[in-house]
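J.: So the sequence shown is numbered by the numbering used here: it starts at 4 and just counts up by one.
Just so it is clear, CB atoms sit at the ideal spot from N, CA and C, and this is done for glycine as well.
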Amino acid sequence: MFDGVFRFSFREHVPIEDAEMTLHLAMLAAEGLFGQPRLAMEFRYELHGFESFIDINGETEVSVAVARIFAGLLLRELGESSFRIVNIPTSACQMCEVAA
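Here you go:
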């Protein structure tokens with residue numbers, strides 16, 4: 004697995020709410036593969052509305068699958084020029100921990 008974060012950055016014309024809805028669709032697809040409990044335990048993301056990006060933790064198989072599905076949906080929905088993906092090592096980024 005990738006030990007870090009996938010950062011999806013969006014151009015100004017892309018509403019971050021639309022991007023988040025697309026992420027939820029990707030999560031639903033991944034839920035079909037892995038089941039809801041595993042998705043809930045192994046997937047985390049952080050929305051940065053003002054900066055217009057979404058960070059997805061890339062440390063689990065589930066997270067990588069969601070990120071791949073999300074990227075595919077964004078390509079079809081928005082086009083390649085509307086977003087970019089950067090891989091950020093864990094040492095360079097702090098994700099918020101979510102208590103269960």
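Please report the Cβ distance between L78 and V17, rounded to the nearest whole angstrom; I am assuming they are in contact, meaning their Cβ atoms lie under 8 Å.
T.: With a Cβ gap of about 13 Å, L78 and V17 do not count as contacting.
J.: Quick check on the burial criterion: 16 or more other C-beta atoms within 10 angstroms. Buried or exposed for G61?
T.: Counting Cβ neighbours within 10 Å, G61 comes out buried, since at least 16 surround it.
J.: With distances taken between CB atoms, is the gap from F56 to F13 smaller than 8 Å?
T.: Yes. Within cutoff.
J.: Rounded to whole angstroms, what is the Cα-Cα separation between E45 and T63?
T.: Approximately 6 Å, taken between the alpha carbons.
J.: Kindly identify the DSSP beta-bridge partner or partners of V87.
T.: As written in the sequence, residue 87 is Arg, which differs from the Val given in the question. S12.
J.: Please determine, among A68, E54, L76 and E83, the residue with the shortest C-alpha to C-alpha distance to G38.
T.: The residue with the shortest Cα to Cα distance from G38 is A68.
J.: Give the secondary structure of P40 by DSSP, where H, G and I count as helix, E and B as strand, and everything else as coil.
T.: P40: helix per DSSP, three-state reduction.
J.: F56 bridges to which residues according to DSSP?
T.: F56 pairs with S12 and H51.
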